[in-house]
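Note sheet for the following structure.
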Amino acid sequence: GGTPTGKTGPSSAFTGSYYKFAEATNRSPGDIASLESNIPFNAGTYCLSLNIHMSGRHIGSLRILTKEGSASAVTQQQYTNAQSNAWFSFSKELSLTSSTKIIIEAIRGGNRNRQHKGDIAVDNIKLTSSSCPPASGSGGTGQPGKGNGKK
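Heads up: the sequence shown is residues 358 to 508, going by the working numbering.
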């Protein structure tokens, strides 16, 4: 199903029954929810792909970053503001080492606490040890899809 707040977030998962989302209600503008990889990778080329949903009047940003050891994180992709009321696809080829972390951040939007229509969701996160297939459309993004499950 959808997120607890109406008029924001997906109505269902992109695939399967579950997805991860950052709930904007009872959060402050600028608050960050993050997912971070916690296992070492074998050095090489990988394809990171996922589905993203960013719908609502107070959407902030979603960032996909990589971080090498204690170095500063590098933004690989950032989406800001509402994209559409549909899931869209993202994929990017990454060169990873055993000290690389992959971080996905959802940043709360709006400029007041009562502006809570800003749920950001991700689903179907995959990391494969190969190059990404050729992208269709705009860099592999903006491909709406339908879900068939609940959160």
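The C-beta atom is built at its ideal place from N, Cα and C for all residues, glycine as well.
Model, not experiment: these values are computed from the prediction.
**Report entry** Collapsed DSSP secondary structure at D480 in the structure displayed
**Finding:** Secondary structure of D480 (DSSP, three-state): strand.
Report task. Could you name each continuous beta strand (DSSP E) segment of 3 residues or more that falls completely within the segment 397–424, going from the start of the chain to the end? Result -> For the segment 397–424, whole beta strand (DSSP E) runs of length 3 or above, ordered along the chain, are 401–411.
Query raised in the report: Does the distance from the C-beta atom of C404 to that of K458 stay below 9 Å?
Result: The beta carbons of C404 and K458 sit no closer together than 9 Å.
Query raised in the report: What are the boundary residues of the beta strand (DSSP E) that includes N442?
Result: 441–453 is the extent of the beta strand (DSSP E) around N442.
Query raised in the report: Tell me which same chain residues have a C-beta within less than 7 Å of the C-beta of N481, skipping the five on either side of it?
Result: The residues are F371, T372, L407, N408.
Requested in this report: Report the rounded CA-to-CA distance for N395 versus A430, giving the unit in angstroms.
Outcome: Between N395 and A430, the alpha-carbon positions lie close to 15 Å from each other.
Query raised in the report: By how many angstroms is the C-alpha of S385 removed from the C-alpha of A439?
Result: Those two C-alpha atoms are separated by around 18 Å.
Query raised in the report: Measuring CA to CA, which of T402, I460, P367 is closest to A443?
Result: Per the Cα distances, P367.
**Report entry** T402, buried or exposed, once every other Cβ within 10 Å from all chains shown has been counted against 16
**Finding:** So T402 ends up on the exposed side.
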